[in-house]
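Step one of this worksheet: look at the structure below.
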Amino acid sequence: MVKTFTDALRSAKADTLCNAADGQVSDDRVNQRNGYRPHEWDTRTGTIEPATPTLRSGSYFPTWPLECRRRTEQAPISVVATAYLPGISPRRAEKPAESPGVTQLSKSQVSAMAKHLDEQVTAFRNRPLDGGPYTFVRVDALTQKVREGGRIAGVHALVAVGGNADGHREILGLDVASSQDGADRPAFLRPRAAHGLSGVHLTVSDAHTGLVNASGATLPGAS
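What the sequence shown shows, in full-length UniProt numbering, is residues 1 to 223, in sequence order.
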């Protein structure tokens with residue numbers, strides 16, 4: 001997801017330098033794209049290979065990856081966080097995008113970024129959980145504000161994290177619910193079991209109502 005938004009931000013900057021979108025026929029165009037320059041970028045979320053657009057006239061290479069790593073990573077990561085949970089909008093996306101030098105994001109650019117993110121999130125949530133057995137699983141709920149039908153509403157982001165067979169932590173699932181009660185828990189855990197979550201001996205949570213019943217119904221043998 002960080003790569004998706006890093007690529008989108010760099011593409012938006014290239015559109016600004018060309019004064020036209022990629023492939024767009026425009027009398028206002030001042031430059032053309034000429035392929036992409038791949039390179040590796042080590043981040044806290046892993047090594048990614050962003051594709052930097054090259055131009056026919058002049059050059060474009062963002063300087064922000066060469067600056068302090070923690071600060072430069074924050075821009076695309078902030079865009080990802082801003083986009084998925086609170087709901088993305090041009091106004092909200094512009095501020096974190098300004099850090100890597102992208103200004104005046106259009107509605108179409110923001111919509112394309114949101115579409116790419118939705119596709120990646122859906123694939124991530126529906127992936128097979130084949131790294132088990134997941135002996136220990138922690139389930140928690142984070143309170144967030146989101147935009148629904150033009151209104152701001154409070155919801156809970158349900159997150160499940162487990163220790164896989166290699167001894168590493170792995171995000172097993174992410175979902176959004178309207179409440180923290182037990183009615184949401186079986187619906188959240190059931191797809192995880194269907195995707196391969198097994199071998200769970202212990203589930204841990206901050207004593208949210210309904211977790212014990214949900215675990216017993218969907219994760220036999222877990223306590």
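No residue lacks a Cβ here, since even glycine has one placed at the ideal position from N, Cα and C. The structure displayed is predicted, hence computed values, not measured ones.
What residue range is occupied by the uninterrupted beta strand (DSSP E) comprising residue i?
i: residue 153; result: 151-163
i: residue 176; result: 169-177
i: residue 53; result: 51-55
i: residue 204; result: 202-204
Taking the beta carbon of residue i as the centre, do at least 16 other beta carbons fall within 10 Å, making it buried, or is it exposed?
i: residue 168; result: exposed
i: residue 11; result: buried
i: residue 124; result: exposed
i: residue 153; result: exposed
i: residue 194; result: exposed
i: residue 137; result: buried
i: residue 218; result: buried
Given a cut-off of 8 Å, decide if residue j and residue i are closer than it, judged by their beta-carbon atoms.
i: residue 58; j: residue 31; result: yes
i: residue 192; j: residue 157; result: no
i: residue 53; j: residue 39; result: no
i: residue 60; j: residue 20; result: no
i: residue 132; j: residue 198; result: yes
Between which two residues does the alpha helix (DSSP H) carrying residue i extend?
i: residue 137; result: First-last for residue 137: 136-148, but that is the beta strand (DSSP E), not the alpha helix (DSSP H).
i: residue 28; result: Residue 28 -> no alpha helix (DSSP H), and no H or E assigned at all.
i: residue 8; result: 2-18
Taking residue i as the reference, which of the options has the closest Cα?
i: residue 130; options: 140, 155 and 166; result: 166
i: residue 140; options: 122, 172 and 124; result: 172
i: residue 4; options: 14, 120 and 23; result: 120
i: residue 175; options: 143, 206, 151 and 203; result: 143
i: residue 126; options: 137, 188 and 152; result: 188
i: residue 37; options: 19, 26, 28 and 7; result: 7
i: residue 155; options: 145, 22 and 23; result: 145
i: residue 135; options: 148, 204 and 128; result: 204
i: residue 47; options: 17, 202 and 2; result: 2
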